[in-house]
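Peer 1: Got a structure for you, written out below as structure tokens; questions coming shortly.
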Amino acid sequence: MALQFEVLRTAGSGGRRGRLALPHGVVETPVFMPVGTAASVKAVEQGVLETLGDEGSGAKIILANTYHLYLRPGHELIARLGGVHKFMGWDQPMLTDSGGFQVFSLSELRKVTPDGVEFRSHLDGSRHFFSPEHSMDVQIALGADIAMAFDECVETPASWERTKESMGLTHAWAQRSHDHFAANAHRVPWHEVLNGATQSLFGIVQGGMYADLRKESAERLVEMDFPGYAIGGLAVGEPREVTREMIARTLELLPKDKPRYVMGVGYPDEIEEYAKMGVDMMDCVLPTRAGRHGLLFAREADGSVVRMNIKRKEYAEDQGPIDAACRCMVCRRYSRAYLRHLFVAGEPLGLSLNSIHNLHFYLATMERVRAELANAAERAVL
Ligand SMILES: [Zn+2]
Numbered sequence: 015m016a017l018q019f020e021v022l023r024t025a026g027s028g029g030r031r032g033r034l035a036l037p038h039g040v041v042e043t044p045v046f047m048p049v050g051t052a053a054s055v056k057a058v059e060q061g062v063l064e065t066l067g068d069e070g071s072g073a074k075i076i077l078a079n080t081y082h083l084y085l086r087p088g089h090e091l092i093a094r095l096g097g098v099h100k101f102m103g104w105d106q107p108m109l110t111d112s113g114g115f116q117v118f119s120l121s122e123l124r125k126v127t128p129d130g131v132e133f134r135s136h137l138d139g140s141r142h143f144f145s146p147e148h149s150m151d152v153q154i155a156l157g158a159d160i161a162m163a164f165d166e167c168v169e170t171p172a173s174w175e176r177t178k179e180s181m182g183l184t185h186a187w188a189q190r191s192h193d194h195f196a197a198n199a200h201r202v203p204w205h206e207v208l209n210g211a212t213q214s215l216f217g218i219v220q221g222g223m224y225a226d227l228r229k230e231s232a233e234r235l236v237e238m239d240f241p242g243y244a245i246g247g248l249a250v251g252e253p254r255e256v257t258r259e260m261i262a263r264t265l266e267l268l269p270k271d272k273p274r275y276v277m278g279v280g281y282p283d284e285i286e287e288y289a290k291m292g293v294d295m296m297d298c299v300l301p302t303r304a305g306r307h308g309l310l311f312a313r314e315a316d317g318s319v320v321r322m323n324i325k326r327k328e329y330a331e332d333q334g335p336i337d338a339a340c341r342c343m344v345c346r347r348y349s350r351a352y353l354r355h356l357f358v359a360g361e362p363l364g365l366s367l368n369s370i371h372n373l374h375f376y377l378a379t380m381e382r383v384r385a386e387l388a389n390a391a392e393r394a395v396l
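Under this note's numbering, the letters of the sequence shown match residues 15 to 396, in that order.
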């Protein structure tokens, strides 16, 4: 068994209530996946991740970044220690990205050829080369339940011609990722790590902000027959209506019986909106990154999301919780005044508590969306 996906109900909006069975466990979808960049969701300990959400069922799947783990401590070291799950003490589903996005956004002196990308490490300037085959080897060594095809992330904004050229490279690399993964994924003795099962590889639809290219990309990737599909290259600075349109146009073209994952989105109201459009999986660094900057999400009585900057003086003597309706361990115990003090004093606990609240807020939002989709009128069969 690698991956089994079941759509339990499709609402009139297109949103799907589903269930994704992976080697390390079952994930109820739509799901938000906290990002554990260097095998750590920044400032939040694994045991706490397991308790988040109003139902207390915790984060059911988290991400790790291939680029970061390849550079430090190295995928071969992690493989020698039994894979990324064992290394970080996390026995639930995981997904690794391909490293493509970080190679294009973090590293220096990139040189892209049809074969792959040469780059210098953002840590020490050392020289490295990533090809689709190498990205697969690194991800197989890490051993997450889901791996991602290696893709080129085009700069924003990019012309139609430039985007088409980049997309062509992404398609060639997707096929090479697919073939290399199929030939090698079983070679590492991950049957112990993955409870007797194997990893799955997702393809990534690109095509920038051009609907015709998104269509071409989706069709080409569906031909390659991946067990799941991601929509990449969004939330990179384009207007929100464009993000929404690209997601909607792409969803129509992806197989209905396979999971669909939008990478790197977004604010709480966005993840809710996209889940109700039919996106099954999302990830974003925002809840933890915002938390470390003192930006907290809360909900007004009417359900709208507000962003609270905890360092503001108005909270200095505020004895209320961040969000009176939030049932996270932070809101049940600590006041805005205390959280403001921790942040202003530069106490590490403040970064941790802020991140925990924000992650809980995201996961609780998705719990509510799943319940709404489960109870929504079913979409008429066309
Ligand atoms: Zn809270």
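A virtual CB, placed ideally from N, CA and C, is assigned to each residue, including glycine. What you are looking at is a predicted structure, and each value in this text was computed from that prediction instead of being measured.
Could you check if Lys-6 is buried or exposed, using at least 16 other CB atoms within 10 Å of its CB as the buried criterion?
Peer 2: Residue 6 lies beyond the range of the chain shown here (15 to 396); nothing can be said about it.
Peer 1: How about Arg-341: is its Cβ closer than 8 Å to a heavy atom in ligand 1?
Peer 2: Yes, the Cβ of Arg-341 comes within 8 Å of a heavy atom of ligand 1.
Peer 1: Closer than 8 Å is the cut-off here; do at least three beta carbon pairs connect the region 357-370 with the region 262-269?
Peer 2: No, because fewer than three Cβ pairs between the region 357-370 and the region 262-269 fall closer than 8 Å, the two stretches do not touch.
Peer 1: Indicate whether the contact test is met: 3 or more Cβ pairs, each with one atom in the region 386-393 and one in the region 23-43, closer than 8 Å.
Peer 2: Yes, the region 386-393 is in contact with the region 23-43.
Peer 1: When DSSP labels each residue in this structure, what does Gly-364 get in the three-state scheme?
Peer 2: Correct three-state label for Gly-364: helix.
Peer 1: Pull up the CB-CB distance for Arg-436 and His-185, whole angstroms please, since I reckon it's below 8 Å.
Peer 2: What the structure shows of the chain is the stretch from 15 to 396, and residue 436 is not part of that stretch, so it cannot be assessed.
Peer 1: Would you mind stating whether Leu-156 and Pro-107 have Cβ atoms separated by less than 9 Å?
Peer 2: Not a contact, by the Cβ cut-off of 9 Å.
Peer 1: Ile-370: which of Gly-32, Val-21, Ser-214, Gly-72 sits nearest, CA to CA?
Peer 2: Closest option to Ile-370, Cα to Cα, is Gly-72.
Peer 1: To the nearest angstrom, how far is the alpha carbon of Gly-217 from that of Trp-174?
Peer 2: Rounded to the nearest angstrom, the two C-alpha atoms are 22 Å apart.
Peer 1: When you measure from the CB of Phe-357 to every non-hydrogen atom of ligand 1, does any distance come out below 8 Å?
Peer 2: Answer for Phe-357: no, Cβ out of range of ligand 1.
Peer 1: What span of residues does the beta strand (DSSP E) with Ser-180 cover, start to end?
Peer 2: No beta strand (DSSP E) holds Ser-180; the alpha helix (DSSP H) holding it covers 174-198.
Peer 1: Compare the beta carbon distance of Phe-46 and Leu-377 with 9 Å and say whether it is the shorter of the two.
Peer 2: Against a cut-off of 9 Å, the Cβ pair of Leu-377 and Phe-46 comes out as a contact.
Peer 1: Could you spell out where the alpha helix (DSSP H) holding Phe-101 opens and where it closes?
Peer 2: Note, Phe-101: alpha helix (DSSP H), 98-102.
Peer 1: Identify the continuous beta strand (DSSP E) that holds His-142 and give its terminal residues.
Peer 2: First-last of the beta strand (DSSP E) with His-142: 141-144.
Peer 1: Which partner residues does Val-41 have in the DSSP bridge list?
Peer 2: The partner list for Val-41 (beta bridge, DSSP) reads Leu-34.
Peer 1: DSSP state of Gln-116, grouped into three classes?
Peer 2: Helix.
Peer 1: For Gly-50, collect the residues of the same chain with a Cβ closer than 7 Å to its Cβ; drop the 5 residues on either side in sequence, then sort them by chain order.
Peer 2: Excluding positions up to five away in sequence, the list reads Ile-76, Leu-77, Ala-78.
Peer 1: What is the DSSP secondary structure of Gly-278, counted as helix, strand or coil?
Peer 2: Correct three-state label for Gly-278: coil.
Peer 1: What's the gap between the Cα of Thr-80 and the Cα of Ala-163?
Peer 2: Distance between the alpha carbons of Thr-80 and Ala-163 is about 11 Å.
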